[in-house]
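For the sequence shown, position 541 (counting from the first letter as 1) is numbered 572 according to my numbering, and the numbering increases by one without interruption. First the structure, in the form of structure tokens, and then the observations on it.
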Amino acid sequence: SERSQPLDYRTLPLTTDHTAIPNIPIIFPIRISVSEVDSGRLVSGKQGDLVRFAFWTIAGLIYVHFLFSYLLTAHVSFAALALFVLGSLYLIPAFRRRIARLPVLRWGWLRNTAFLLLITVANLLLASGNRADPERGALALVGATVITGQLGAPALDDAIVLVDAAGVIQSVGDASTPIPAGYRMIELKDRFLLPGLINAHGHLVLSGRRSGGISLIAIPGLADLFVGFLETYPGRRVALRLMERNVEHALRAGVTTLRGIGDPGYLDVAMRKRVESGASLGPRLLVAGPILAVSGGHGRQIGVEFDGPIEGRRAVREHLQEEVDLIKIASTGGVADSRRIGEAGELQMTPAELEAVIGEAHRKNVLVTAHIQSTQGVLEALQAGIDNIEHGAELDDQTLSLFLDNPRALRGFTSLHPTLSVTRSSRPSTEPPPANSMRYVMYVNGREISRRIRAGFLQALAAGVKIGTGTDAGMVPHADVWREMQLFSEIGGVSNERAIHMGTLATAESIGLEDLAGSVEVGKSADFVILERDPRKDLSAFATPELVIARGFEVQP
32 SERSQPLDYR TLPLTTDHTA IPNIPIIFPI RISVSEVDSG RLVSGKQGDL VRFAFWTIAG
92 LIYVHFLFSY LLTAHVSFAA LALFVLGSLY LIPAFRRRIA RLPVLRWGWL RNTAFLLLIT
152 VANLLLASGN RADPERGALA LVGATVITGQ LGAPALDDAI VLVDAAGVIQ SVGDASTPIP
212 AGYRMIELKD RFLLPGLINA HGHLVLSGRR SGGISLIAIP GLADLFVGFL ETYPGRRVAL
272 RLMERNVEHA LRAGVTTLRG IGDPGYLDVA MRKRVESGAS LGPRLLVAGP ILAVSGGHGR
332 QIGVEFDGPI EGRRAVREHL QEEVDLIKIA STGGVADSRR IGEAGELQMT PAELEAVIGE
392 AHRKNVLVTA HIQSTQGVLE ALQAGIDNIE HGAELDDQTL SLFLDNPRAL RGFTSLHPTL
452 SVTRSSRPST EPPPANSMRY VMYVNGREIS RRIRAGFLQA LAAGVKIGTG TDAGMVPHAD
512 VWREMQLFSE IGGVSNERAI HMGTLATAES IGLEDLAGSV EVGKSADFVI LERDPRKDLS
572 AFATPELVIA RGFEVQP
């Protein structure tokens, strides 16, 4: 009956004898003392240790995420850095003791919450703030020398190019062209305006390297761990942040169209959607999703394996369901994951598998490109109707004729992307071969494949095969597309004017975008790179663009 009456806690005796205290139901058996409340600790003992462990674990993960993401972010918000630095002060014991004296922060749980809040908001603001959003509007580009990208077309001096608010070229004329009201003028006197560069071969999740080394997918087990990490939520976030940085570097270097042909987990599809929605800054993206490889074949570690025509058709259908723009296959072995000398270039995909994959993609009007590094591999892919060949090898009369006239290809011809940029680091030199056995295999295979690629490029060039610019970006820096054009000139002896055409309109034709990009023509997308120097005299002028315009958006290099 006493327990049913309201209890006045002020009448309870002050005693340490628990038997003198009425039997009060306790929902949470947590011991709270006056000293603990004053110090801000609501729990002590084992429960308190568990709470503190959980707090510092969560805080540590958020903290490390910021530091790791910071390394992968091209442009960091000043507000994010300021909040992160302010939150980092809390890790200093002397600072914690000092702020604990402030009346408003005398409770430890409040101080801990404020610290978590600061570093969490810093993470959220990491990639926003100091990067200006690209501007789009009706533009009048005045006074530049316009190099159209069309082979043999004369340049237009002191030209006026009008671009509407939708990012479409409305007019390309001389200085007498009237400028409509509402068009913002950009003065480009003594500048050179060209089509934006196009890279037909890139890997968005890879950042590029300038010298040889052991590829990630060449190390047994490591590729599986890498792909497994990318399948997790944190892994996808990290990968997308890295891809965002890579495509932005490409754009600021003048690449307005980039084709991603081999990234795991359809991450490239997600990246394309971010660029299209305006959430990320980047060039126009065409993506292939994971590379299709046979069991044990090249690229299987980060691709999708299949065996036989039926599985090949199923793999294509699954890719198309994931909204890829094209299909990439590995028909032969490659250097990056070769485990023995001679493996690079070996036949892997059978003619029946090639015909099934290519035929299924063509039924949906989708282009197919193939990694190939042997003469027989080139021939079998051409006979199956392949649309593009990446890398290549020595060519004979039969293969050359199929490049020029291929009735089974989607558009009646096949083009070549020789990726000369990746041959620079593996061509013969006076340096001794590497002592590491894995690197030695890659070194020997790389030298042989480089020789084949260069030989095939020269034969294709002489025969009039359509050659596009593809650097294998990710294996080389994304910003170095102009160096591929320079190699066209150095190795093939083509003029700078033709190299510019190959890096723009010829590549657009190669990948099926000739009606949209590749040249400065009325009705096409406003994709431009503006240079201070004349690239017809020196292609290195592309190394330092003054302004990039992609789909009508202005982007500062």
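Using N, Cα and C, we set each Cβ at its ideal position, and we do this for glycine too. Please read these numbers as outputs of a predicted model, since none were measured by experiment.
A distance below 7 angstroms separates the beta carbons of residue 311 and residue 275. Cβ-Cβ distances below 7 angstroms link residue 314 to 278, 281, 282, 286, 287, 288, 289 and 581 in the same chain, with the five nearest sequence neighbours on each side left out; the list follows chain order.
If you draw a 10 Å sphere on the C-beta of residue 255, you find fewer than 16 other C-beta atoms in it, and that means exposed. Residue 354 sits close to residue 300, with the two beta carbons spaced by under 7 angstroms. The distance from the Cβ of residue 267 to that of residue 298 is about 7 angstroms, consistent with a contact at the 8 angstroms cut-off.
Counting along the chain, the unbroken beta strand (DSSP E) around residue 201 starts and ends at 200–204.
By the neighbour-count definition (other C-beta atoms within 10 Å, threshold 16), residue 519 is a buried residue. Linking residue 257 to residue 498 through their CA atoms gives a straight-line distance of about 34 angstroms. One Cα belongs to residue 468, the other to residue 433, and the distance between them is close to 39 angstroms. Under a 10 Å Cβ-count criterion, residue 587 is classified as exposed, with fewer than 16 other Cβ atoms of the shown protein chains found around its own Cβ. Rounded to whole angstroms, residue 546 and residue 479 show a C-alpha spacing of 38 angstroms.
Cβ-Cβ separation between residue 501 and residue 450: approximately 5 angstroms, consistent with a contact (criterion under 8 angstroms).
Taking all protein chains shown into account, residue 272 has 16 or more neighbouring C-beta atoms within 10 Å of its C-beta and is therefore buried. Nearest to residue 237 by alpha-carbon distance, out of 431, 132 and 270, is 270. Taking the Cα of residue 265 as reference, the smallest distance to any Cα among 422, 87 and 93 is reached at 93. For the region 257–302, the full-length beta strand (DSSP E) segments reaching 3 residues or more read 286–291 along the chain. Proximity to residue 100 across 157, 331, 169 and 116 peaks at 157, based on C-alpha coordinates. Taking a contact to require three or more Cβ pairs closer than 8 angstroms, the region 340–360 and the region 319–330 qualify as touching. In this structure residue 584 is not in contact with residue 218, their Cβ atoms being roughly 19 angstroms apart against a cut-off of 8 angstroms. By the C-beta density criterion, residue 514 is buried, having at least 16 other C-beta atoms within 10 angstroms. Residue burial annotation: residue 124 is exposed, with fewer than 16 other C-beta atoms found within 10 angstroms of its C-beta. Residue pairing of residue 336 in beta bridges, as defined by DSSP: 324.
Counting only unbroken stretches of 3 or more residues, the beta strand (DSSP E) elements lying wholly within the region 175–201 are 187–194, in sequence order. For residue 293, the closest C-alpha among the options 575, 235, 303 and 142 is that of 235. Cβ contact annotation for residue 284 (same chain, cutoff 6 angstroms, sequence separation greater than five): 510, in chain order. Distance between residue 371 and residue 360, taken at the CA atoms: about 21 angstroms.
The C-alpha of residue 89 is placed about 42 angstroms away from the C-alpha of residue 231.
In the DSSP annotation of this structure, the continuous segment of the beta strand (DSSP E) that includes residue 419 starts and ends at 419–422.
If you draw a straight line from the Cα of residue 362 to the Cα of residue 448, it comes to about 15 angstroms. For residue 406, the closest alpha carbon among the candidates 346, 375, 391 and 392 is that of 375. Each residue's CA atom was taken as its position, placing residue 491 and residue 426 some 8 angstroms apart. Excluding five sequence positions before and after residue 538, the CB atoms of its chain that fall closer than 6 angstroms to its own CB belong to 229, 231, 499 and 500, given in chain order.
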